[in-house]
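Under this note's numbering, the first residue of the sequence shown carries the number 656, and numbering increases by one thereafter.
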Amino acid sequence: MALKYNPQEIEKRWQKKWAADHIYEVTENNSRPKFYALTMFPYTSGDLHIGHWYAMAPSDVYARFKRMQGYNVLHPMGFDAFGLPAENAAIKHKVHPYDWTMRNVEHMRQQLKSIGAIYDWNREVVSCLPEYYKWTQWFFLKFYHAGLAYRARAPVNWCPKCQTVLANEQVVGEGFCERCGSLVTKKDLEQWFFRITKYAEELLDFSHINWPERIKTMQKNWIGKSEGAEISFKLEYEGIEPKEVKVFTTRPDTIFGVTYFLLTPEHPLVSQLTTPERKSEVERYVAWCRRQTEYERTAVGKEKTGVFLGSYVINRLSGEKVPIWITDYVLLSYGTGAVMGVPAHDERDFEFARKFNLPIKTVVAPPGWAGGELEEPYMGQGVMVDSGEFTGLASEQGYDAICDLLQRKGWGKSSITYRIRDWLISRQRYWGAPIPMVYCDKCGMVPVPEKDLPVLLPSDAEFKPTGESPLKHCQSFVNTTCPRCSGLARREVDTMDTFMCSNWYFLRYTSPKTDNAPFDAGNIRYWLPVDLYTGGAEHAVMHLLYARFFSKAIRDIGLVDFDEPFTGLFNQGTIIYLGDKMSKSKGNVIAPDEYVAELGADAVRAYLMFIGPWELGGEWSDSGIVGISRWLNRVWGLVETNYASQAVEPKAEKELLHFTHKTIKKAGEDLERFHFNTMLASLMEFTNYLSRVKEAGNISTALWQEAITYLLLLLSPTAPHLAEELWAKIGRPYSIHNQPWPEWDEELAKEEEITLAIQINGKLRDRMLVPVSITEAEAKELTLVRDRVKAYTEGKRVDRIIYVPGRVMNIVVK
Ligand SMILES: [Zn+2]
Ligand SMILES: [Zn+2]
């Protein structure tokens, strides 16, 4: 299409001038209220794709809007630069991960600049640079000294393709690696963990943050709090040391319904509790279980398997001897690795009892129950039956009474468990921040002193994955001296999960040049918490949960004084193309650079905002972006060519004022709610209206200029370059981006109403109150559904409708 203006030329020119004039540089010394608008920093994958633009352009529009509203807005940008994808890409391209990453940073920074956002580039952070990861390591040490980081041997998730362990949060779906999709296996390794479980309860409290329900629910489910009781069952075997074994149950009120007892095959008591005659069968079963993944073991609807050990525990409340079985669906990694089997009141226990012909004893009566074995498990509440001294109680009361008794007798207590496990942060890969610990034969584990940070990642290490940490083979790195005894010592060779790097980047933006601390405490007090965080919903139980934990942990260490890092959160949707999510393998990737070159960044920005509600995303279409570009060109034409006032009509002036103020109001309200698409629709309507006004020439020149001024101000967050250029053209002082957001006059914005006369075949039959701005189609539609009109038109054919705008609707029927 032929453009009226050259976006390439004006966009580059203004970007240069804005940078030269430092107009987007942000300082703390300001009397204005602060607003921290944070967008998730991109991973240094190499190229800014349309998904990045979709995250960044609308969030920049919002940040600009807040800025115009008078806030001191921090809207920074940086790069998430450590991690596996960069390392894998570097291996593939036979370059060093550092070179690969920094080249991408360079390229992506230029692409990000083409968006025309208000990023203050002085505040950029790059997480793989020593001046940054020095502090990532410093936080690790703080965690270590506060008892929040510990080393333990544990069965961990191992991705055979990525050749590293994964956090539980990185195992998705049916037990697959979140990154590469490989089936995850288990491996026993000495690893570093962060004690996120200490914060489980506080992480469930969302009362001080304004987040989407969906994300809160995902975090709640991931943390998985269950309230119940810990109950110990008695073990009476000569030569077996433990005299009891504990379970956790959410239904202590069903304790009298226990008909069997389950252990996980990995439970340390299994071999001791297996009788000689059951030994071979048990061993065969245990070996079989070990070959399965956790997902296979716990899959819903899978046929139950298990083996009787030949021994029993005693249910202390009923005094009954209960057979001990092992089964694969009880896991060591959750709870105690032991479960009481209550088949009448638990689905899986019911299936297990059916399969192995174990008794099913009802102890909470379902409504209308007439005795006899249940056909299906009953999980609801009811009256307790067959439960000793508790018989006859409502099960809710029985729950409390049984917990009291357990407590009194020392057989157990009320208890809460969480599904979340401690966060495993060791990675057996090269491209990450080294864990600042040293192992000395004499002193054991010794933390690197803060003054020796950063522990530099050696640039000469062989980094190809072997299943072992590559740093292990880098002698110059491994061999060091012990900070305590100065003897020979070895460095920790694992690196940190990159989610540790992204835990605090938004703190660093407040003072990226501070070199004696991770951040300036005063700046943190000024900027934090983040007022609005925008990004993809895929980070729900990883980054967004880890960052909350991190903030609470450093609060307790005394480094910050806020409880939540992100007060507001908004997740944008996804842009699809040709009916599908974009991916290189499908060949349906939109390269934003081409569109920027052809139609301009302003057109790409506006089109992405117009494509659909931001939280839902939408389908990219070339005709769609051309339509938006055409609109911007119409705006250009409207403003650039002179307006000639012919005969001023007071009514037309009144209408223009109304339309202008109505649009200011609508645009502001829509922006506040991230309704970018409807905001743009109202600006387009306004443009069309102004075109008609221009043609009619029936308002004063002064009023015309005022209307144009407002149009440009409303357009400026969306199309910052075009708005700036036209602002200059109409002779306004530079810069439009330092102007306040226009205010509307409620009186003028109010929809004025008029009475429309309705005639049928020329005779007045009805009157109707309608807004002045009603369109012909809307007016016709409203007229035809009126009862009085229907009375005259029913059974007749409407031949013609003649509409005199603002006055008469004449319906001709035959
Ligand atoms: Zn993997
Ligand atoms: Zn030592």
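Even glycine gets a Cβ: it sits at the ideal position worked out from N, Cα and C.
Q: Give the single residue among Pro-1305, Tyr-1447, Ile-1280 whose Cα lies nearest to the Cα of Asn-1416.
A: Tyr-1447
Q) In chain order, what residues of the same chain have a beta carbon less than 7 Å from the beta carbon of Lys-1349, not counting five sequence neighbours either side? A) Leu-1293, Tyr-1298
Q. Cβ of Gly-1501 within 8 Å of Cβ of Ala-884?
A. Absent from the model: residue 1501. The displayed extent of the chain is 656 to 1469, so no value can be given.
Q: List in chain order: all unbroken alpha helix (DSSP H) runs of 4+ residues lying wholly within the segment 1126-1187.
A: 1130-1133, 1153-1156, 1160-1163, 1176-1182
Q) Buried or exposed: where does Glu-949 fall if 16 or more other Cβ atoms within 10 Å of its Cβ makes it buried? A) buried
Q.
Please classify Lys-1306 as buried or exposed, where buried requires at least 16 other C-beta atoms within 10 Å of its C-beta.
A. exposed
(Q) Tell me whether Cys-814, by its Cβ, gets closer than 7 Å to a heavy atom of ligand 1. (A) yes
**Q.** Check whether Leu-1162 and Pro-1173 have beta carbons under 8 Å apart
**A.** yes
Q) Opposite Phe-848 in the DSSP bridges: which residues? A) Tyr-805, Leu-1079
(Q) Classify Cys-1140: buried if its beta carbon has 16 or more other beta carbons within 10 angstroms, exposed otherwise. (A) exposed
Q.
Checking 8 Å against the spacing of the C-beta atoms, do Met-995 and Phe-916 come in under that value?
A. yes
Q) CA-CA distance, Val-1427 and Tyr-1344? A) 14 Å
Q: Apply the 10 Å Cβ neighbour rule to Met-626 and answer buried if 16 or more other Cβ atoms are within range, or exposed otherwise.
A: This structure leaves residue 626 out entirely; the chain is present only between 656 and 1469.
Q | Residue nearest to Phe-1341 in terms of C-alpha spacing, selected from Thr-1315, Asn-1332, Thr-1356 | A | Thr-1315
Q: With a threshold of 7 Å, establish whether the CB of Ser-1081 neighbours any heavy atom of ligand 1.
A: no
Q | Ser-714 beta carbon near ligand 1 (any heavy atom closer than 7 Å) | A | no
Q | Whole runs of the beta strand (DSSP E) within the segment 681-724, excluding any shorter than 3 residues | A | 689-694
Q: For Lys-747, count neighbouring C-beta atoms within 10 Å of its own C-beta (all shown protein chains included) and say buried if the count is 16 or more, exposed if not.
A: exposed
Q: Check the DSSP bridge columns for Tyr-967 and list the partner residues they point to.
A: Pro-978
(Q) Is Arg-778 a contact residue of ligand 2, with contact defined as CB to any heavy atom under 7 Å? (A) no
Q) Taking the Cβ atom as the reference point for each residue, do Pro-810 and Gly-1255 lie within a distance shorter than 8 Å? A) no
Q: Could you please give the first and the last residue of the uninterrupted beta strand (DSSP E) stretch that includes Glu-1274?
A: 1272-1274
Q: Quick one: measure Cβ to Cβ for Leu-987 and Thr-929, integer angstroms, because I've assumed they're closer than 8 Å.
A: Contact flag wrong, Cβ pair sits at about 17 Å.
Q | Three-state secondary structure assigned by DSSP to Thr-1189 | A | strand
Q: Return the chain-ordered list of same chain residues with a C-beta closer than 6 Å to the C-beta of Phe-737, the five sequence neighbours on each side being excluded.
A: Ser-782, Cys-783, Trp-1086, Gly-1087, Thr-1153, Cys-1156
Q. Name the DSSP bridge partner or partners of Leu-838?
A. Phe-831
Q: May I have the straight-line CA-CA distance separating Pro-1138 from Tyr-787, to the nearest angstrom?
A: 23 Å
Q) Does the separation of the CB atoms of Gln-846 and Leu-1200 fall below 8 Å? A) no
Q: Would you kindly check if the distance between the Cβ of Tyr-1232 and the Cβ of Trp-1286 is under 8 Å?
A: no
Q: May I have the straight-line CA-CA distance separating Ile-773 from Lys-689, to the nearest angstrom?
A: 15 Å
**Q.** Contact under 8 Å by Cβ, Asp-1454 with Lys-1469
**A.** yes
Q) Bridge partners of Pro-1426, per DSSP? A) Glu-1408
Q: Just tell me which of Arg-1443, Asp-1442, Ile-1409 has its CA closest to the CA of Val-1463.
A: Ile-1409
(Q) Quick check on Gln-654: does DSSP put it in helix, strand or coil? (A) An answer regarding residue 654 cannot be provided, because it is not within the stretch 656 to 1469 covered by the chain.
(Q) Between Met-1151, Arg-971, Thr-872, Met-873, which has its C-alpha nearest Gly-1065's C-alpha? (A) Arg-971
Q.
Tell me which residues pass a beta-carbon proximity test against ligand 2: closer than 7 Å to any heavy atom, given in chain order.
A. Cys-1095, Lys-1097, Cys-1098, Val-1101, Cys-1137, Arg-1139, Cys-1140, Gly-1142, Ala-1144
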